[in-house]
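Undergrad: Residue numbers for the sequence shown follow the numbering used here, beginning at 74 and rising by one.
Ideal Cβ positions, reconstructed from N, Cα and C, are used throughout, including at glycine.
I'd like to ask you about the structure that follows.
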Amino acid sequence: MAPGVAAWTKPRGGYFVSLDVLDGCAQRVVALAKGAGIEMVPAGRTFPHGRDPRDSNIRIAPSFPPADEVHAAVDALATCVLVATTERLLADRGVNA
């Protein structure tokens, strides 16, 4: 993943990963992932009433899939993050993607 595009936590004793993406991109990332066949926890789920004011947080909760499926899903999710980020940056500059 490109530097500065996303950050995540390393689980410490649990299996949830908190993925932070560019402000305004989390819901789009989840939608893109769903379109790619990856089931995700709704964006903002870690906030009260599921409303992330920055639309930047995604909770990743793998459910014991085989390692090769996790690797494929992470690669696809990273691509979704890059697409959503690119769309957002272009929109901020007034460019239609």
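Within a Cβ cutoff of 7 Å, which residues of the same chain sit near Ala79, ignoring the five residues on either side of it in sequence?
TA: Cβ neighbours of Ala79 beyond the five flanking positions: Leu92, Asp93, Val94 and Val154.
Undergrad: Which residues bound the beta strand (DSSP E) around Asp93?
TA: Val90 to Val94 is the span of the beta strand (DSSP E), which, as asked, contains Asp93.
Undergrad: Is Ala151 helix, strand or coil by DSSP?
TA: Helix, per DSSP.
Undergrad: Mapping DSSP to helix, strand and coil, what is Arg127?
TA: The answer is coil: DSSP assigns Arg127 none of H, G, I, E or B.
Undergrad: Are Ile131 and Phe89 close, meaning C-beta to C-beta below 8 Å?
TA: Cβ distance not < 8 Å, so Ile131 and Phe89 don't count as in contact.
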